[in-house]
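**Q** Dropping the structure in here first, questions after.
Residue numbers (our numbering): 3 to 198.
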């Protein structure tokens, strides 16, 4: 007689707890990306600062999968658009996305998530697919960012690359290597918990 209510309780609580775990994962991704944005190295001759945001973007997609990763970046952008100081150097507001020099990179964070999550799903050749997903995600982020930067600053293609890509190549490689190490260790457990 006591086992039936316990079984019903367990089946009712499980979906609710999974919902809370996923919500917490989404909010954590947004929060960690916001914190990473505050670690800034301003670079000369470019309006684009070096931050740890893209490291968190890579890890969000690899750990949470396409849907939860996109939701995490969506929350990050929404909170920033509403004016909270979550973008680099403590800035916020919709103008940072719509009218700022780095708006394209920010949009690229969201656009890259489905690709990241899909390419980095567990399976054979996981490390190779994970590394490829990080390269592909950076291509998407920088594709969006460079296009926006060129239009916003009215730059030539050569100037766009000089200001928006070349200063970051070493940084991109380091972030890919670091993200690969973290994701290889953490992704199986995290994806099992959030069922991504």
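Cβ atoms here follow ideal geometry from the backbone N, Cα and C, with glycine treated the same way.
Would you list, in sequence order, the uninterrupted alpha helix (DSSP H) runs of no fewer than 4 residues that lie entirely inside the region 78 to 153?
**A** 96 to 100 and 105 to 121
**Q** Could you have a look at residue 43 and say whether DSSP puts it in helix, strand or coil?
**A** strand
**Q** Shortest alpha-carbon distance to residue 117 belongs to which of 132, 45 and 103?
**A** 132
**Q** Across which residues does DSSP place residue 53 in a beta bridge pair?
**A** 42
**Q** Apart from the five residues just before and just after residue 86, which ones in its own chain have a Cβ nearer than 7 Å to its Cβ?
**A** 94
**Q** Does the beta-carbon distance from residue 60 to residue 181 come in below 9 Å?
**A** yes
**Q** Locate the alpha helix (DSSP H) running through residue 287, then write down its first and last residues.
**A** Residue 287 is absent from the model: the chain starts at 3 and stops at 198.
**Q** Terminal residues of the continuous alpha helix (DSSP H) containing residue 194?
**A** 171 to 196
**Q** In whole angstroms, what is the alpha-carbon distance linking residue 35 and residue 82?
**A** When the Cα atoms are used, residue 35 and residue 82 turn out to be separated by approximately 11 Å.
**Q** Using the Cβ count rule (16 or more neighbours within 10 Å means buried), how would you classify residue 19?
**A** exposed
**Q** How many angstroms separate the CA atom of residue 127 from the CA atom of residue 32?
**A** Rounded to whole angstroms, the separation of the alpha carbons of residue 32 and residue 127 is 29 Å.
**Q** So, at 7 Å on beta carbons, what are the nonlocal neighbours of residue 41 in its own chain, with the 5 sequence-adjacent residues on each side left out?
**A** The beta carbon of residue 41 is closer than 7 Å to those of 53 and 54 in its chain, skipping five residues each way along the sequence.
**Q** Measure the C-alpha to C-alpha separation of residue 13 and residue 186 and round it to an integer number of angstroms.
**A** Reliability of the predicted coordinates at residue 13 is poor, the pLDDT of 46 falling under 50, and the value obtained from them is presented with this limitation in mind. Taking the straight line joining both Cα atoms gives about 32 Å.
**Q** If you check the beta carbons only, do residue 119 and residue 67 fall under 9 Å apart?
**A** Taking 9 Å as the cut-off, the Cβ atoms of residue 119 and residue 67 count as close.
**Q** Within this structure, are the beta carbons of residue 62 and residue 115 separated by less than 9 Å?
**A** yes
**Q** Please find out if some non-hydrogen atom of the ligand FAD comes closer than 8 Å to the beta-carbon of residue 31.
**A** No copy of the ligand FAD occurs in the structure displayed, which carries no ligand at all.
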